[in-house]
Structures are given as C-alpha cells and as structure tokens.
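Numbering (my numbering), first residue to last: 1 to 263.
We put the CB at the ideal spot given by N, CA and C, even for glycine.
Accompanying notes for the structure given below.
This is how it looks when you write it as structure tokens:
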C-alpha cells in the first residue's frame with residue numbers, strides 16, 4: 001500500500017543457497033502473489049517455513065521439493081491462516097513437528113521463541129522475536145546465507161498491515177531491531193512471507209521506518225484537519241490506495257491511533 005520502490009527478485013523458486021521458495025496458489029490483494037513457503041536446509045535435512053493454506057496440491061508440491069530429505073520441523077513465522085493453515089497437514093504428511101510461538105499452532109510439544117536455534121543438517125536458523133504485525137510474529141536469520149526470513153514483518157511489495165492481534169509500538173521496535181541487525185550482521189537479503197526477495201536489507205528497513213513515521217505525521221495532520229475516525233483518516237491519507245485495500249488501511253490506522261494515544 002505504500003508505493004515504496006525496493007529492488008526485488010522473482011518469487012517462485014527464488015531464494016538463497018540454503019532457502020528456496022515454493023509459492024502457494026493463494027494470490028490476493030493482501031497476500032500479493034501468494035504465500036511464500038520456504039524450504040530451508042541442505043542435501044540431507046530441511047526445515048519448512050510457513051506451509052501456507054491447507055491446499056492439497058500445494059502441500060504435495062512442497063513434499064515433492066523436499067524429496068527424500070528428512071524434515072526436522074515445520075516452522076511458523078506467525079499463526080495467521082495464510083501462513084499456518086496447512087502446517088498440521090504437512091507436518092503429519094512428512095512426520096515432522098510444527099513449531100510456533102503460539103501453542104495453538106503447534107504439532108508436538110516443542111515451541112519456538114526469540115533466541116532459539118533450529119538446525120537442519122549443517123544449516124542453522126536463529127529465531128528473532130519481532131512482534132508487531134501480530135503478537136506472535138517471528139523472523140528467522142540464516143547466518144550461512146546472511147539472509148532473514150521475515151514472514152509478514154517485511155513484505156516483498158508495499159508495507160505491512162498491523163493486524164488486530166498486533167501492535168504498532170511493538171512493530172516499530174521490531175523494525176529498529178531488524179535494522180540494527182541488518183547492519184551488524186551484514187545481511188544481504190530479506191526473504192518475505194509474500195512477494196519477491198529483497199536486496200539491500202538495510203535500505204529496505206530504512207524505507208519501512210521512514211514510511212511509518214511519515215504515515216504517523218499524515219494521521220496527525222488529518223486529525224488536525226478535522227478527521228473524526230479511522231475511515232475519514234483513510235479517505236484523506238490513503239486516497240492514492242486502491243479502495244479494495246481500504247479495509248486493511250483502516251486496520252493500520254486504528255493501530256496508529258492506538259499508538260498515538262500512548263505518546
């Protein structure tokens with residue numbers, strides 16, 4: 001929704017040395033090309049991140065891409081259905097646990113939290129807590145590839161909606177954390193939950209942070225000009241956005257209004 005101009009590389013089959021995207025067939029204004037399911041690992045063992053919808057053809061395609069490799073776990077960046085709905089089915093199909101921050105989405109006893117390290121053979125995945133888009137959002141750092149799987153915290157196009165179970169204050173802190181990490185770790189790619197792979201992680205995060213600050217200024221100005229509720233703010237601030245996306249914009253405005261009340 002933002003109009004951000006960010007360098008990209010195409011979705012299905014894209015990725016890094018250790019991660020490849022299998023694109024789910026659920027395109028929409030909110031999911032862009034569809035959900036990116038990531039297969040992460042090497043020649044002998046892999047992890048599957050965000051199986052996406054409970055779509056038999058997609059899950060079978062993921063299983064085919066896994067081939068004979070052992071699946072050590074299915075990981076979820078967060079529990080929204082377009083990322084998690086097929087996780088239980090895929091986990092049972094592949095004989096793998098489903099690990100998530102939210103216990104409601106797990107298959108097996110083991111969860112997932114900030115600071116955890118998960119391995120698939122010699123490939124290491126480090127879990128980074130990034131609440132904001134949702135309360136349970138996580139990102140996954142691949143140190144061997146200097147790449148971050150970002151779920152819905154960073155998208156391949158546009159900007160992230162703050163969902164009703166999210167929080168803008170948390171989101172801004174998560175963006176700051178990712179920005180610091182991108183520089184410190186010399187990250188080279190962001191692998192989002194929707195849309196293409198992003199080059200220049202530090203530049204992308206700078207653009208995201210600046211855009212959020214700009215929107216907050218625009219909302220303050222809309223209120224000063226007499227906007228009385230989220231809908232009226234959307235009509236002023238998001239006038240350039242396709243009207244089909246206005247309900248999502250209203251969610252983001254509501255989150256921004258809640259955030260401004262805390263300042």
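Should residue i and residue j be called a contact, given that it needs their Cβ atoms to be closer than 8 Å?
i, j, result
"residue 49", "residue 75", "yes"
"residue 238", "residue 154", "no"
"residue 102", "residue 79", "yes"
"residue 129", "residue 114", "yes"
"residue 157", "residue 195", "yes"
"residue 198", "residue 182", "no"
"residue 99", "residue 110", "yes"
"residue 77", "residue 119", "no"
"residue 216", "residue 175", "no"
"residue 202", "residue 148", "no"
"residue 192", "residue 159", "no"
"residue 22", "residue 65", "yes"
"residue 55", "residue 25", "yes"
"residue 142", "residue 43", "no"
"residue 86", "residue 97", "no"
"residue 30", "residue 249", "no"
"residue 252", "residue 161", "yes"
"residue 35", "residue 105", "no"
Between which two residues does the alpha helix (DSSP H) containing residue i stretch?
i, result
"residue 230", "230-237"
"residue 73", "Residue 73 -> not in any alpha helix (DSSP H); beta strand (DSSP E) instead, spanning 70-75."
"residue 253", "246-261"
DSSP on residue i, reduced to helix/strand/coil?
i, result
"residue 30", "coil"
"residue 85", "coil"
"residue 272", "As displayed, the chain neither begins before 1 nor continues past 263, which places residue 272 out of reach and without an answer."
"residue 225", "coil"
"residue 5", "Confidence is the limiting factor: at residue 5 the pLDDT is only 37, short of 50, which leaves the residue's position unreliable and the question unanswerable from this model."
"residue 126", "strand"
"residue 59", "helix"
"residue 209", "helix"
"residue 90", "helix"
"residue 107", "strand"
"residue 45", "strand"
"residue 120", "strand"
"residue 13", "coil"
"residue 172", "helix"
"residue 197", "strand"
Mind checking which residues open and close the beta strand (DSSP E) that includes residue i?
i, result
"residue 189", "189-192"
"residue 96", "First-last for residue 96: undefined, no H or E at that position."
"residue 41", "36-41"
"residue 140", "138-142"
"residue 19", "19-23"
"residue 158", "First-last for residue 158: undefined, no H or E at that position."
"residue 151", "147-151"
Using only CA atoms, which one of the options lies nearest to residue i?
i, options, result
"residue 233", "244, 198, 221", "221"
"residue 134", "96, 123, 81, 262", "81"
"residue 140", "219, 41, 93", "41"
"residue 262", "167, 23, 248", "167"
"residue 63", "255, 212, 89", "89"
"residue 146", "190, 108, 61", "190"
"residue 132", "94, 38, 172", "172"
"residue 165", "178, 14, 254", "254"
"residue 144", "136, 121, 14, 169", "121"
"residue 68", "94, 57, 179", "94"
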